[in-house]
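Asker: Numbering (the working numbering), first residue to last: 32 to 184.
The beta carbon of each residue, even a glycine, is placed where N, CA and C say it ideally should be.
These numbers were taken from a predicted model, which means no experiment stands behind them.
1. Are there 16 or more other CB atoms within 10 angstroms of the CB of residue 154, so buried, or fewer, so exposed?
2. To the nearest angstrom, report how far apart residue 109 and residue 147 are at their CA atoms.
3. Can you give me the C-alpha to C-alpha distance between residue 71 and residue 149, rounded to a whole angstrom?
4. Looking at the structure shown, is residue 70 part of a helix, part of a strand, or coil, going by DSSP?
5. In its own chain, which residues sit with a C-beta less than 8 Å from the C-beta of residue 64, not counting the 5 before and 5 after it?
6. Compute the Euclidean distance between the alpha carbons of residue 66 and residue 131, then round it to the nearest angstrom.
7. Tell me whether residue 164 is buried or exposed, calling it buried when 16 or more other Cβ atoms sit within 10 Å of its Cβ.
8. Going residue by residue through the segment 116 to 179, where are the continuous alpha helix (DSSP H) segments of at least 4 residues, counting only ones entirely within it?
9. What does the alpha-carbon distance come out to for the pair residue 96 and residue 152?
10. In terms of DSSP beta bridges, what is residue 35 paired with?
11. Considering only the alpha carbon of each residue, which of 34, 37, 81 lies closest to residue 121?
12. If you reduce the DSSP assignment to three classes, tell me which class residue 55 lands in.
13. Look up residue 91 in the DSSP assignment and say whether it is helix, strand or coil.
14. With DSSP as the reference, please indicate the residues paired to residue 49 in a beta bridge.
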């Protein structure tokens, strides 16, 4: 089993300015480069958000993200607003308010994991079960054929 991490070159590191963390950085952060704003995702691929860097497409989205960045409340729908959470970020991506930014791929890092002990136990227990089952069937057929031969005598 392995996990791949791709390293991309986005732009020179000069001129990037961190504007604000969203929910203390647990969701992501907003960065500025020249006059463009970007959302850096911290949610990861396990939340069905494939990319790490997104360009914020309009001022309205930027202003909303900045105004709700510190709001820890997940349920503010009674005000007709939506909290900044995983679902909200997915909606922004789907509605093209956040547009994935891809850079130049520089390298891929592969981390290989040794098989987990539970996997090994499971794998060997199935093999042992099959061997024992096969022996049981052979033994059962042998006894059955022996009993039939004894009845015929």
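Answerer: On the basis of the data shown:
1. As a first step, residue 154 must be located in the chain shown, where it is residue number 123. Residue 154 should be labelled exposed.
2. In the chain shown, the residue the question calls residue 109 occupies position 78. In the chain shown, the residue the question calls residue 147 occupies position 116. For residue 109, the predicted model reports a pLDDT of 44, less than 50, meaning its position is unreliable; a value from the coordinates is still stated below. Each residue's alpha carbon lies about 46 Å from the other.
3. As a working mapping, residue 71 is identified with position 40 in the chain shown. As a working mapping, residue 149 is identified with position 118 in the chain shown. Approximately 36 Å between the Cα atoms of the pair.
4. Locating residue 70 in the chain shown gives position 39, where the first residue counts as 1. Correct three-state label for residue 70: strand.
5. The residue given as residue 64 occupies position 33 in the chain shown. Closer than 8 Å at Cβ, skipping near neighbours: 42, 46, 47, 48.
6. Here residue 66 refers to the residue found at position 35 when the chain shown is read from its first residue. Here residue 131 refers to the residue found at position 100 when the chain shown is read from its first residue. Put simply, the backbone Cα of residue 66 is about 17 Å away from that of residue 131.
7. One-based indexing of the chain shown puts residue 164 at position 133. It is exposed - the Cβ of residue 164 has fewer than 16 other Cβ atoms within 10 Å.
8. 117 to 125
9. Within the chain shown, numbered from 1, the residue matching residue 96 stands at position 65. Within the chain shown, numbered from 1, the residue matching residue 152 stands at position 121. Taking the straight line from one Cα to the other gives about 48 Å.
10. Residue numbering aside, residue 35 sits at position 4 when the chain shown is read from its first letter. The partner list for residue 35 (beta bridge, DSSP) reads 141.
11. The residue given as residue 121 occupies position 90 in the chain shown. Among 34, 37, 81, the Cα nearest to that of residue 121 is on 81.
12. Locating residue 55 in the chain shown gives position 24, where the first residue counts as 1. Assigned with DSSP and collapsed to three states, residue 55 falls in coil, not helix or strand.
13. Locating residue 91 in the chain shown gives position 60, counting from the first residue. Helix, per DSSP.
14. For the purposes of this step, residue 49 is identified with residue 18 of the chain shown, where counting begins at 1. Its beta-bridge partners are 62.
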